[in-house]
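Participant: In my numbering, the protein residues as written are 15 to 285. By construction, the Cβ of each residue, glycine as well, lies at the ideal position given by its N, Cα and C atoms. Sharing a structure with you now.
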C-alpha cells in the first residue's frame, strides 16, 4: 500500500463487498475501501459478513479516515435497498458506488459439462444480478444529484480462456451492464466503468485453490505467477484499488464505458 493524494476529499462512497474472506493478503474490496478513505472519502462498507466489514472499517478508522459498516446480501433486493437507503440517510448523496462482489469455485462453479443448474444460478445471482440491482437503486440518486461514478469489478476471465462457465459468463455480463449504464446515463453525468483484474494474490483467489489436486499454497502461487508477463508475479488488491481510485476521481472525468484490464499484460499473452 502506498499513500495517495486526497482526490476524493469530502465525497461519499459505498463499497459493496468491502469485507473479505480470511487469508494472508488484502482482498479487493477491503483495499478499495481503505484507498478511497485515504483519498478523503467517507466510506460505507457493505458486506454479507458484518464482522469482515467491521474489520475494514477499523483499519480505516485507525488510519484517521471516516467509515461505517453495514450488512448487505446482494441476492436479496430488499437488503440492497436498505444499504443504499442507509447511505442516503447518512449523506443525502452517493458520489461513488463500488461493486466488488464475486464467487466462483466457492459457489460451485465448474466447466460447462459438469455445471449444476443451481450452482450456475447462484454464481450469476451473486456476481451479476446483485450488481444490476445495486445499480438500479443507486442510479436514481445519482441522477437527482447531477452525476456520480459507478465502478464494477469484473474479471480478465471474461476475455481469456477460463474454464469455469458461471464465473466467466457472469463477469462478461458485468462488462455489458457497465456499457449499458455508461451510454444510457451519460447525459445525466453518471460515469460507469469496469475493472478487469487478472491474476491477483488475494484471499478469494488463493485460499479456494489451496488443496485442489493436492497443491500447496506455494505451488498455487508459483503457478499463477508463471502466467503473468510483467515481472512474473501476480498483482495485489492495492493495484486494483489504485485503478479504482483513478476511475472514481476527476482525473477520469472524461472516461466512461471502459473495461480496464489490471493484469500485468496477461491479456496480451496470446499464441
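1) If you count every other CB in all the chains shown that lies within 10 Å of the CB of residue 88, and 16 or more means buried, which is it?
2) Give every residue of the same chain whose Cβ lies closer than 6 Å to the Cβ of residue 111, excluding the five residues on either side of it in the sequence, and list them in chain order.
3) Quick check: the Cα distance between residue 36 and residue 77, rounded to an integer number of angstroms?
4) Report, in whole angstroms, the separation of the C-beta atoms of residue 80 and residue 45, which I expect to be a contact under 8 Å.
5) Is there contact here, the stretch 227–238 with the stretch 51–67, by at least three beta-carbon pairs under 8 Å?
6) With distances taken between CB atoms, is the gap from residue 43 to residue 23 smaller than 7 Å?
7) Between which two residues does the alpha helix (DSSP H) carrying residue 198 extend?
8) If I'm right that residue 275 touches residue 210 with Cβ under 8 Å, what's the distance once you round it to whole angstroms?
9) Could you tell me which of 270, 228, 125 and 83 sits nearest to residue 191, measuring between CA atoms?
10) Can you tell me the Cα-Cα spacing of residue 220 and residue 229, whole angstroms?
11) Do you know how far the Cα of residue 280 is from the Cα of residue 225?
12) In the structure shown, what three-state DSSP assignment does residue 205 receive?
13) Enumerated in chain order, which unbroken segments of the alpha helix (DSSP H) with a length of 4 residues or greater are wholly contained in the stretch 90–164?
14) Exposed or buried, residue 231, counting other C-beta atoms within 10 Å across all chains shown (16 or more means buried)?
15) For the structure I just gave you, are there three or more beta carbon pairs, one from the stretch 245–263 and one from the stretch 173–182, closer than 8 Å?
16) Would you call the stretch 250–268 and the stretch 89–107 in contact, with 3 or more CB pairs under 8 Å?
17) Taking residue 217 as part of the alpha helix (DSSP H), name the residues at either end of that continuous run.
18) Please report how far the alpha carbon of residue 272 lies from the alpha carbon of residue 261, in whole angstroms.
19) Please identify the residue among 74, 66 and 171 whose C-alpha is closest to the C-alpha of residue 187.
20) Quick one, which of 38, 216, 259 and 56 has its alpha-carbon nearest residue 107's?
21) Taking the CB atoms as reference points, tell me whether residue 109 and residue 25 lie closer together than 7 Å.
22) Could you name the residues of the same chain whose beta carbon sits closer than 6 Å to that of residue 126, not counting the 5 residues immediately before and after it, in chain order?
23) Quick check on the DSSP output: the beta strand (DSSP E) that includes residue 274 runs from which residue to which?
24) Apply the 10 Å Cβ neighbour rule to residue 134 and answer buried if 16 or more other Cβ atoms are within range, or exposed otherwise.
25) Quick one: residues in its chain with C-beta nearer than 7 Å to the C-beta of residue 145, no 5 flanking neighbours on either side, listed in chain order?
26) Report the partner residues of residue 249 according to the DSSP bridge assignment.
27) To the nearest angstrom, how far is it from the Cα of residue 268 to the Cα of residue 240?
28) Give me the Cα-Cα distance between residue 86 and residue 143, rounded to the nearest whole angstrom.
29) Quick one: grab the DSSP three-state call for residue 59.
Facilitator: If we stick to the structure as given:
1) Result: buried.
2) Once the five neighbours on either side are set aside, the close Cβ partners of residue 111 are 28, 152 and 164.
3) Looking at the backbone, the Cα of residue 36 and that of residue 77 are separated by about 21 Å.
4) Their Cβ separation, rounded to whole angstroms, is 17 Å, which puts residue 80 and residue 45 out of contact at 8 Å.
5) The stretch 227–238 is not in contact with the stretch 51–67.
6) The answer is no: Cβ separation not under 7 Å.
7) According to the DSSP assignment, residue 198 belongs to the alpha helix (DSSP H) that extends over 179–198.
8) Going by Cβ atoms, the distance from residue 275 to residue 210 rounds to 5 Å, so yes, they are a contact pair.
9) Nearest of 270, 228, 125 and 83 to residue 191, Cα basis: 270.
10) Between residue 220 and residue 229, the C-alpha separation is close to 11 Å.
11) Approximately 25 Å, taken between the alpha carbons.
12) DSSP, reduced to helix, strand and coil, places residue 205 within a strand of the structure shown.
13) If you keep only unbroken alpha helix (DSSP H) runs of at least 4 residues inside the stretch 90–164, you get 91–105, 131–138 and 144–159.
14) By the neighbour-count criterion, in which a residue is buried when 16 or more other Cβ atoms sit within 10 angstroms of its Cβ, residue 231 is exposed.
15) With contact defined as three or more Cβ pairs closer than 8 Å, the stretch 245–263 and the stretch 173–182 are not in contact.
16) Between the stretch 250–268 and the stretch 89–107, the count of C-beta pairs closer than 8 Å stays below three; the two stretches do not touch.
17) 217–221 is the extent of the alpha helix (DSSP H) around residue 217.
18) Computed Cα separation, rounded: 10 Å.
19) Checked all of 74, 66 and 171; the closest Cα to residue 187 is 171.
20) Of all alpha-carbon atoms in 38, 216, 259 and 56, the one lying nearest the alpha-carbon of residue 107 is that of 56.
21) Result yes, Cβ atoms of residue 109 and residue 25 sit closer than 7 Å.
22) Correct list, in chain order: 179.
23) Boundaries of the beta strand (DSSP E) harbouring residue 274: 273–276, taken from the DSSP string.
24) A buried status is given to residue 134, since no fewer than 16 other beta-carbon atoms sit within 10 Å of its beta-carbon.
25) Hits under 7 Å: 113, 115, 166, 188 and 191.
26) 214, per the DSSP bridge assignment.
27) One C-alpha to the other measures close to 36 Å.
28) Rounded to the nearest angstrom, the two C-alpha atoms are 14 Å apart.
29) Three-state result, residue 59: strand.
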